[in-house]
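>
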Amino acid sequence: MVRYVYDFTEGGRDLAGLLGGKGSNLAEMTRLGLPVPPGFTLTTEACRAFLATGSEPAGLWEEVSAHLSALEASAGRLLGQPDDPLLLSVRSGAKFSMPGMMETILDIGLNDDSVLGLAKVSGGERFAWDSYRRLVQMFGSTVMGVDSASFERSLAAMKDLRGVRDDVHLTASDLAELVETYKELIRLETGEHFPQSPAEQLRRAVLAVFESWNGERARLYRRREHIADDLGTAVNVQRMVFGNLGADSGSGVAFTRDPATGRPGLYGDYLPDAQGEDVVAGIRNTVSLSELARLDPESYARLRAHTETLERHYRDLCDIEFTIERGTLWMLQTRVGKRTAEAAFVLAAELADEGLITPDEALARVSGEGLARLMFPRFDASATGAVLARGVPASPGAAVGAVVFDTTRAVRRAAAGEKVVLVRQETTPDDLPGMIAAQAVLTSRGGKTSHAAVVARGMGKVCVCGAEELAVDTGARRFTAADGTVVEEGAVVSVDGSAGAVYAGPVPLVDSAVIRYLEGGRGDEGARGVVDAVARALSRADAVRRLEVRANADTPEDAARARRFGARGVGLCRTEHMFLGERRKLVEQMILAGTDAERDRALADLLPLQRRDFTGILEAMDGLPVTIRLLDPPLHEFLPDHTDLAVRIAAAEARGEEPDAHDVDLLSAVNRMHEENPMLGLRGVRLGLVVPGLVAMQVRAIGEAVAGRLLAGGAPRAEIMVPLVGDVRELRLVREEVRRVLADVSRAAGVTVDCPVGTMIELPRAALTAGRIAEEAEFFSFGTNDLTQTTWGFSRDDVEAEFFSAYLDKGVFPVSPFETLDRDGVGRLVSLAVAEGRATRPDLTIGVCGEHGGDPDSVHFFHTAGLDYVSCSPFRVPVARLEAGRAALEGTEGSESR
Ligand code: PEP
Ligand code: MG
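So the sequence shown is numbered by full-length UniProt numbering: it starts at 1 and just counts up by one.
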């Protein structure tokens with residue numbers, strides 16, 4: 001018989017899949033003996049069963065009733081008991097944190113009778129009616145579907161009527177009147193009465209939380225965070241404790257260390273005389289925990305002790321929600337806290353130093369994505385100019401964009417390609433699409449734990465919040481800075497999420513401290529902690545990884561930078577990039593050549609230029625392999641645009657002039673070479689086989705560069721790579737030519753020039769016949785860009801912009817297969833080619849040089865698939881090093897995946 005309900009005394013953190021993050025951690029804290037208000041958890045399994053069938057699974061309510069009875073017995077009073085009601089909170093809690101994306105309903109158990117009992121036992125009539133008002137409002141909107149704005153309007157009307165600005169100035173009888181107004185609103189809009197039965201309230205609240213798993217914002221958040229749609233949420237039912245019972249009560253959020261920088265020390269926000277939701281909503285500005293230490297030293301000391309227990313137990317930064325009810329401290333939630341990339345690195349290093357985690361665990365706790373974030377540019381401190389506002393540095397980074405004041409505009413303008421900064425007084429979960437679309441989020445209210453801050457940090461989005469001196473007028477679409485400067489919608493601002501500052505206009509960017517370190521510097525004093533932590537993580541990764549990392553580089557400068565960033569060779573040098581600019585003319589001459597002699601002349605002119613390029617790259621990577629790919633793209637890419645030429649000729653003719661003869665020649669060449677599907681046409685190895693002299697010229701340039709470097713005392717290790725091979729015979733023909741030319745070069749130079757010849761595997765046929773191809777190939781390099789394109793039949797230049805967002809929306813795939821390798825399809829071809837290639841040639845070197853070589857998830861796949869190296873752009877090299885190290889630990893450390 002399946003069990004759907006667990007008491008907090010029964011679960012534990014290892015049951016997060018079943019009890020959700022919140023539920024499993026409440027159970028863990030209960031087991032640790034921390035003061036957790038008692039309660040129980042309905043499992044994610046119950047939620048899944050409900051969502052699948054539309055009705056609660058059999059036996060669920062019997063189990064809930066049994067747990068409720070036990071809770072009532074321990075409390076010594078009944079749910080909603082008229083003279084002294086037990087009240088409950090009903091909260092969502094999925095396996096992975098989805099802050100504010102699902103529903104919560106508080107004060108379950110209040111009705112027209114028990115509100116009077118609560119008033120009497122709490123000694124607070126106003127408090128009791130305010131709690132009832134909150135329940136009717138939350139229940140009315142969440143469970144009964146009444147627009148929450150209707151309640152807000154009634155509340156505002158009541159405040160107007162009484163001439164007060166703040167809720168706190170409404171009296172008990174005002175609130176009682178408001179409850180009646182709300183109930184009437186519900187009756188008018190739904191035809192139903194607000195349920196007076198506590199049991200019915202509980203049941204309907206639970207089901208509403210189940211349903212909120214499929215709410216629009218929850219779905220959007222999951223897509224963005226790559227959380228599976230079929231996990232479901234658990235529901236936690238817990239005895240209410242109240243932070244809004246007067247000056248000796250309050251609610252707060254604490255982090256065991258600073259989640260922005262990773263520095264030690266209890267850190268957080270506290271709001272006296274308030275419920276927890278008020279802190280997270282960022283509606284009133286909070287005070288720091290040091291203020292709590294002054295207000296209530298005893299509770300503060302207890303909080304400190306509990307947070308230390310938690311950090312030692314979890315061996316990680318924890319975040320905590322707590323409530324103080326008339327001087328008694330209650331722990332309402334804990335979890336391993338979200339943190340910025342900087343904090344992740346610093347924390348990992350410090351926890352390892354403290355002996356709480358091993359160096360390998362420290363490596364597992366950081367990520368390539370985080371490292372990439374630390375490599376983003378920062379604002380140039382010497383060029384920032386006047387500060388418009390200062391606020392809480394909630395999520396670091398530098399962003400420049402046009403100011404917008406609502407989600408709809410943020411989404412619309414971003415979709416049109418504009419960079420925008422979303423400015424709000426505070427954000428709510430409904431602002432999620434706008435936050436995703438924006439470069440940065442700026443709010444005038446709320447602390448480091450407000451919705452804006454938590455969500456932005458989770459997404460790695462720049463955020464400054466609580467910039468109190470800003471007067472944000474969303475209606476008029478403008479904000480006013482303290483000095484009176486008015487910033488209208490559309491004006492550009494620069495937001496520094498690391499310093500918590502906002503500047504008018506665009507501020508120029510400079511390299512980050514981590515980039516300066518990778519480039520060979522030490523980084524500035526202020527950034528020493530994070531730079532050292534990154535250095536340690538990278539050196540651990542280098543020590544444990546099996547995958548080698550090379551770079552895709554086409555210039556000596558890129559090759560040299562890649563080497564500084566830790567690349568051990570060039571995995572892809574795209575020679576076509578050397579034919580651009582001035583040199584395009586020479587390629588044009590080669591294409592237009594009417595005779596062999598003309599073509600040979602054009603090729604002869606290209607040869608020394610190519611040789612110079614190769615020499616520079618071989619020098620920058622001296623002693624390390626440099627994989628040079630023969631020309632790949634269709635030749636028409638080197639010719640002018642068809643329409644431009646046609647227009648030029650037609651215009652000349654219209655003027656009665658003779659069109660330029662060269663233009664006419666070019667147009668006829670363009671017409672001749674026109675292809676319906678150029679990516680599937682005359683390109684790659686096919687070019688080499690049909691354009692006479694092309695392979696010979698390129699191989700000669702490579703060979704002569706190698707000879708030159710050898711004679712200069714260098715250690716050049718050029719490898720020649722043939723693109724788009726589909727059959728072993730193509731490779732054989734090219735290889736024969738390579739051998740002939742290199743023999744020629746060796747004879748002429750008086751040194752032996754020997755370059756391994758290999759192929760890209762970027763067509764399904766190449767993967768499927770890899771065993772045959774390996775007879776001729778001394779190495780393989782997976783061109784996963786083309787392999788993805790040809791496996792899926794996707795034109796990579798078209799599909800991403802055209803319909804990928806629809807595919808992502810419909811869940812065909814969670815992430816573009818051009819970004820993260822499609823393991824089920826393309827990945828199988830890769831594995832097959834590895835196995836069959838090595839069966840033919842056991843010492844075959846195998847790498848990857850498609851974009852996936854720098855993508856963290858794909859790097860893990862390539863590690864498992866047994867590749868020798870990944871090759872990626874120079875800036876991704878440190879990311880790939882780190883992830884290759886983490887991949888090597890997988891299975892030993894078991895990093896959790898979604
Ligand atoms: C590839 O196809 O993965 C590749 C590296 O080649 P290109 O992107 O240049 O076609
Ligand atoms: Mg390719």
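Idealized CB from N, CA, C, for every residue including glycine.
#1: Tell me the rounded alpha-carbon separation between L742 and M760.
#2: Just reading off the beta strand (DSSP E) that G505 is part of, what are its end residues?
#3: Where does E354 sit, in a helix, a strand or coil, going by DSSP?
#4: Please report the straight-line C-alpha distance between D258 and E354, rounded to a whole angstrom.
#5: Are there any heavy atoms of the ligand PEP lying less than 6 Å away from the beta-carbon of E704, as far as the coordinates show?
#6: Can P85 and L34 be called in contact, C-beta distance under 7 Å?
#7: Do you know how far the Cα of A416 is from the Cα of V462?
#8: Can the beta-carbon of T627 be found less than 7 Å from the beta-carbon of V570?
#9: Per DSSP, what are the beta-bridge partners of N552 in this structure?
#10: Buried or exposed for S173, please, with buried defined as at least 16 other CB atoms from any protein chain shown within 10 angstroms of its CB.
#11: When every heavy atom of the ligand MG is checked, does at least one fall within less than 6 Å of the C-beta of E762?
#12: Is the number of C-beta pairs between the stretch 280-299 and the stretch 337-356 that are closer than 8 Å three or more?
#13: Please indicate yes or no: does the CB of G850 lie closer than 6 Å to some heavy atom of the ligand PEP?
#14: Taking 8 Å as the cut-off, does the stretch 269-280 touch the stretch 232-246 (at least 3 CB pairs, one atom from each stretch)?
#15: Over what stretch of residues does the alpha helix (DSSP H) that includes Q333 continue unbroken?
#16: Return the chain-ordered list of same chain residues with a C-beta closer than 8 Å to the C-beta of T820, the five sequence neighbours on each side being excluded.
#17: With distances taken Cα to Cα, identify the nearest neighbour of A73 among R239, E211, C318, P878.
#18: Around the Cβ of M1, are there at least 16 other Cβ atoms within 10 angstroms (buried) or fewer (exposed)?
#19: If you follow the alpha helix (DSSP H) that P198 is part of, which residue opens it and which one closes it?
#20: Could you spell out the range, first to last residue, of the beta strand (DSSP E) harbouring V531?
#21: Can you list, in chain order, the stretches of the alpha helix (DSSP H) that have 4 or more residues and sit fully within the stretch 751-794?
#22: Residues in the same chain with beta-carbon distance under 7 Å from A471, minus the five sequence neighbours each way, listed in chain order, please.
#23: Where does the unbroken beta strand (DSSP E) through I324 begin, and where does it stop?
#24: Report the start-end ranges of each alpha helix (DSSP H) in the UniProt domain "PEP-utilising enzyme mobile" (418-500) that is 4 residues or longer and not cut off at the edges.
#25: So residue 908 and S746 are supposed to be a Cβ contact under 8 Å. How far apart are they, rounded?
#26: I'd like to confirm something about residue 899: is its beta-carbon nearer than 6 Å to some heavy atom of the ligand MG, or not?
#27: What does the alpha-carbon distance come out to for the pair L419 and K338?
#28: Would you mind sorting K448 into buried or exposed? The rule is 16 or more other CB atoms within 10 Å of its CB.
#29: Nearest to H863 by CA position, among E890, L609, R409, D112, is which residue?
#30: Could you tell me the boundaries of the alpha helix (DSSP H) in which Q275 lies?
#31: At which residue ranges does the stretch 566-613 contain complete alpha helix (DSSP H) runs of 4 or more residues, listed in the order of the chain?
#32: Please check the pair E619 and R563, which I expect to be a contact at CB under 8 Å, by giving their CB distance rounded to whole angstroms.
#33: Going by alpha carbons, who is nearest to G594 out of R545, L680, D660, A669?
#34: Please look up how many angstroms separate the CB atoms of E321 and L332, rounded, as I've assumed it's under 8 Å.
#35: With 16 other CB atoms within 10 Å as the buried threshold, where does G894 fall?
#36: Can you tell me whether DSSP reads V5 as helix, strand or coil?
According to the structure shown:
#1: Stepping through the sequence shown from its first residue, residue 742 is reached at position 742. Stepping through the sequence shown from its first residue, residue 760 is reached at position 760. Whole-angstrom Cα-Cα distance: 21 Å.
#2: What you label residue 505 is simply residue 505 of the sequence shown in a count that begins at 1. Element bounds for G505: n/a, residue is neither H nor E.
#3: Within the sequence shown, the letter at position 354 stands for residue 354. Coil.
#4: As a position in the sequence shown, residue 258 is number 258, starting the count at 1. As a position in the sequence shown, residue 354 is number 354, starting the count at 1. Spanning the two alpha carbons is a distance of roughly 17 Å.
#5: By one-based count along the sequence shown, residue 704 stands at place 704. E704: no, Cβ never under 6 Å from the ligand PEP.
#6: Numbered from 1 along the sequence shown, position 85 holds the residue referred to as residue 85. Numbered from 1 along the sequence shown, position 34 holds the residue referred to as residue 34. Going by C-beta atoms, P85 is not nearer than 7 Å to L34.
#7: Along the sequence shown, one-based indexing puts residue 462 at 462. Along the sequence shown, one-based indexing puts residue 416 at 416. Rounded to whole angstroms, V462 to A416 spans 21 Å at the Cα level.
#8: Locating residue 627 in the sequence shown gives position 627, where the first residue counts as 1. Locating residue 570 in the sequence shown gives position 570, where the first residue counts as 1. Cβ distance < 7 Å, so T627 and V570 count as in contact.
#9: Taking the first residue of the sequence shown as 1, we reach residue 552 at position 552. N552 pairs with L572.
#10: Your numbering for residue 173 matches position 173 in the sequence shown. By the 10 Å Cβ count, S173 comes out exposed.
#11: Within the sequence shown, numbered from 1, the residue matching residue 762 stands at position 762. Yes, the Cβ of E762 comes within 6 Å of a heavy atom of the ligand MG.
#12: no
#13: Position 850 of the sequence shown, counted from the start, is the residue given in the question as residue 850. Within the cutoff, so yes.
#14: yes
#15: By 1-based counting over the sequence shown, the position of residue 333 is 333. Element bounds for Q333: not the alpha helix (DSSP H) but the beta strand (DSSP E), 328-336.
#16: The sequence position of residue 820 within the sequence shown is 820, counting from 1. Within the same chain, T820 has close Cβ partners H852, D855, D857, S858.
#17: Translated into the one-based positions of the sequence shown, residue 73 becomes position 73. Checked all of R239, E211, C318, P878; the closest Cα to A73 is R239.
#18: To locate residue 1, count along the sequence shown from 1; it is residue 1. That one is exposed.
#19: Here residue 198 refers to the residue found at position 198 when the sequence shown is read from its first residue. Element bounds for P198: 198-212.
#20: Here residue 531 corresponds to residue number 531 of the sequence shown, with the count starting at 1. Counting along the chain, V531 falls outside any beta strand (DSSP E), though it belongs to the alpha helix (DSSP H) covering 528-544.
#21: 764-768, 770-773, 784-792
#22: Counting from one through the sequence shown, the residue named residue 471 turns up at place 471. These residues qualify, in order along the chain: F479, T480.
#23: Taking the first residue of the sequence shown as position 1, residue 324 is located at position 324. Looking at the DSSP string, the run of the beta strand (DSSP E) that includes I324 is 318-325.
#24: 432-437, 451-459
#25: Shown here, the chain extends from 1 to 898; a query on residue 908 therefore has no answer.
#26: Not covered by the structure: residue 899. The range shown for the chain is 1 to 898.
#27: Within the sequence shown, numbered from 1, the residue matching residue 419 stands at position 419. Within the sequence shown, numbered from 1, the residue matching residue 338 stands at position 338. At residue 419 the sequence reads Lys, which differs from the Leu that was named. Distance between the alpha carbons of K419 and K338 is about 26 Å.
#28: Taking the sequence shown and counting its residues from 1, the one referred to as residue 448 is at position 448. K448 comes out buried.
#29: In the sequence shown, residue 863 corresponds to position 863, counting from 1. Ranking E890, L609, R409, D112 by Cα distance to H863 puts E890 first.
#30: Here the question's residue 275 lines up with position 275 in the sequence shown. Counting along the chain, Q275 falls outside any alpha helix (DSSP H), and DSSP gives it neither H nor E.
#31: 584-592
#32: Numbered from 1 along the sequence shown, position 619 holds the residue referred to as residue 619. Numbered from 1 along the sequence shown, position 563 holds the residue referred to as residue 563. In fact, because the Cβ distance is near 11 Å, the residues do not count as touching under 8 Å.
#33: Mapped onto the sequence shown, residue 594 falls at position 594. Ranking the options by Cα distance to G594, first place goes to A669.
#34: Translated into the one-based positions of the sequence shown, residue 321 becomes position 321. Translated into the one-based positions of the sequence shown, residue 332 becomes position 332. Sure, about 4 Å apart at Cβ, within 8 Å.
#35: For the purposes of this step, residue 894 is taken as the residue at position 894 of the sequence shown. Low per-residue confidence applies at G894: pLDDT is 38, beneath 50, and the placement is therefore not dependable enough to give any value.
#36: Taking the first residue of the sequence shown as position 1, residue 5 is located at position 5. If DSSP states are grouped into helix, strand and coil, V5 belongs with the strands.
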